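Letter 17 of the sequence shown, counting from 1, is numbered 17 in our numbering, and no numbers are missing. Glycine is no exception: its CB is placed at the ideal position from the N, C-alpha and C atoms. Computed from a predicted model, the values in this text were never measured in an experiment. Data block below; observations after.
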Amino acid sequence: MKSIALAFIAALALGAGLAQPAAAAGDYTFTTTADFVRDCDVSSPPEECAMAISHVEEVIDNWETPNATCDGGLNELVKSASNAELIEKLMQRLARVVPWLKAHPDYDAKPYEDGVWAGLRGAYCS
């Protein structure tokens, strides 16, 4: 089921022009949480910000209990009926995670994945 869900997310994201086929976590221009906040705290965040949220959701789904971030997790993203809906869901998460991270600078020096994970939990599980 997870591989089908991940394939669906990838297909939607690729169809939306959000990711290149070879995109991986190491391909992002940010490495730390501070970099992520700097690059994504803009009125029109780059596509890689939404893909970073998706990437963290995928990792969480593989390593933690389902919906560990209280936002519906990967299962909620898979329910997207269209590219537009997927993008909207990712951007909504981004819009909640970035302000949470700005209010918690103790994550600044940590890898962006750790910060995004903390931001998702902090924004949705509180």
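Reference residue i, options the options, closest by Cα
i, options, result
"residue 97", "109, 83, 40", "40"
"residue 84", "50, 58, 103, 75", "50"
"residue 121", "45, 70, 103, 29", "70"
"residue 94", "116, 77, 73", "116"
"residue 123", "77, 102, 48", "102"
"residue 77", "42, 58, 105", "58"
"residue 92", "105, 72, 108", "72"
"residue 36", "82, 75, 105", "105"
DSSP three-state assignment for residue i, whether helix, strand or coil
i, result
"residue 45", "coil"
"residue 106", "helix"
"residue 39", "helix"
"residue 61", "helix"
"residue 79", "coil"
"residue 72", "coil"
"residue 126", "coil"
Cβ-Cβ separation, residue j to residue i (assumed contact under 8 Å), whole Å
i, j, result
"residue 90", "residue 53", "5 Å"
"residue 28", "residue 48", "5 Å"
Identity of the residues DSSP links to residue i by a beta bridge
i, result
"residue 32", "111"
6 Å CB neighbourhood of residue i in its chain, flanking five on each side removed
i, result
"residue 113", "56"
"residue 119", "97, 100, 101"
"residue 79", "none"
Beta-carbon proximity list for residue i, same chain, < 7 Å, skipping 5 on both sides
i, result
"residue 24", "Confidence at residue 24 is low in this model, with a pLDDT of 47, below 50, so the placement of that residue is unreliable and no value is reported for it."
"residue 110", "32, 33"
"residue 45", "94"
"residue 108", "32, 33, 34"
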